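Everything on this sheet refers to the single structure shown next.
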Amino acid sequence: DGGITQSPKYLFRKEGQNVTLSCEQNLNHDAMYWYRQDPGQGLRLIYYSQIVNDFQKGDIAEGYSVSREKKESFPLTVTSAQKNPTAFYLCASSIDPRGLDAFGSGTRLTVV
Amino acid sequence: DQQVKQNSPSLSVQEGRISILNCDYTNSMFDYFLWYKKYPAEGPTFLISISSIKDKNEDGRFTVFLNKSAKHLSLHIVPSQPGDSAVYFCAAYSGGYQKVTFGIGTKLQVIP
Chain A
1 DGGITQSPKY LFRKEGQNVT LSCEQNLNHD AMYWYRQDPG QGLRLIYYSQ
51 IVNDFQKGDI AEGYSVSREK KESFPLTVTS AQKNPTAFYL CASSIDPRGL
101 DAFGSGTRLT VV
Chain B
113 DQQVKQNSPS LSVQEGRISI LNCDYTNSMF DYFLWYKKYP AEGPTFLISI
163 SSIKDKNEDG RFTVFLNKSA KHLSLHIVPS QPGDSAVYFC AAYSGGYQKV
213 TFGIGTKLQV IP
């Protein structure tokens, strides 16, 4: 079955450490996205990539970095510069840039 | 600045009745609107969408209405079923910004 795989589902890290969240899709979608969800807030766009080897900052890119070396993969690194990294992170992909066709099941990151 | 607003954090409806979820937006550049449904610990799933050139789109039990002059859209679910209990996100796409902006979601509970 085609879909988006995010791993791990739960992640704990110590403050000051960088951590990389995995996102893999086998849907052959060109565009991939990273969103963050906090309580009482909608999904906020961190980074997106419309094509391999290209990506753009979203609304809240500070403290995050991404790479898009393969069409299937769009890993997100949460760096120590991110002031409030504890959140639920969602990866998405799409064929049509007007919408998000598929989401992963998310990674809940807790920084202690 | 919240460009997509869902002012009702929660809604309870009796099974079989109509559920109406509302969404307001402020940016007149939005030209495509979407609704997503999200169960706990899962990623959102696409439900229904509407282009700004239309005022209604129907898909089975789900109908989305768009009032451009009021910058308002609504999702109608008829008849509501217990399996519809989830968080519903309203989202809007702007071709100019090339990104999807989400509201904070409305939690729907359908009571059997």
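Taken in sequence, the protein lines are chains A and B.
Quick note: the first sequence uses the working numbering, first residue 1, plus one each step.
Quick note: the second sequence uses the working numbering, first residue 113, plus one each step.
We treat Cβ as the ideally placed atom computed from N, Cα and C, and that holds for glycine.
On a predicted model such as this, the values are computed, not experimentally measured, just so you know.
Item, Value
"CB of Phe88 (chain A) within 9 Å of CB of Asp38 (chain A), strictly", "yes"
"Touch test, the region 188 to 201 of chain B against the region 9 to 18 of chain A, Cβ-Cβ under 8 Å, three pairs minimum", "no"
"Straight-line Cα distance separating Gln50 (chain A) from Pro97 (chain A)", "8 Å"
"Collapsed DSSP secondary structure at Asp171 (chain B) in the structure displayed", "strand"
"Beta carbon proximity, Phe55 (chain A) to chain B, threshold 9 Å", "no"
"Positions along the region 138 to 167 of chain B whose CB lies within less than 9 Å of some CB in chain A", "Asp143, Tyr144, Leu146, Tyr148, Lys150, Ala153, Glu154, Gly155, Pro156, Thr157, Phe158, Ser161, Ser163"
"The region 199 to 208 of chain B in contact with the region 132 to 152 of chain B per 3-pair CB rule at 8 Å", "yes"
"Alpha carbon of Val111 (chain A) to alpha carbon of Val19 (chain A), nearest angstrom", "10 Å"
"Terminal residues of the beta strand (DSSP E) in which Leu21 (chain A) lies", "19 to 25"
"Check: Arg36 (chain A) C-beta below 8 Å from any heavy atom of the ligand ZN", "Annotation note on the ligand ZN: not contained in the displayed structure, which lists no ligands."
"Which residues DSSP lists as bridging Thr157 (chain B), in chain order", "B:Lys149"
"9 Å Cβ cutoff, Gly217 (chain B) in contact with chain A", "yes"
"Partners in chain A for Tyr200 (chain B), counting only beta-carbon separations shorter than 8 Å", "What Tyr200 (chain B) touches in chain A: nothing, since even the nearest Cβ is about 11 Å away."
"Residues near Lys183 (chain B) in its chain [Cβ-Cβ closer than 8 Å; skip 5 each side]", "Asp136, Tyr137, Thr138, Ser140"
"Asp143 (chain B), DSSP secondary structure in three states", "coil"
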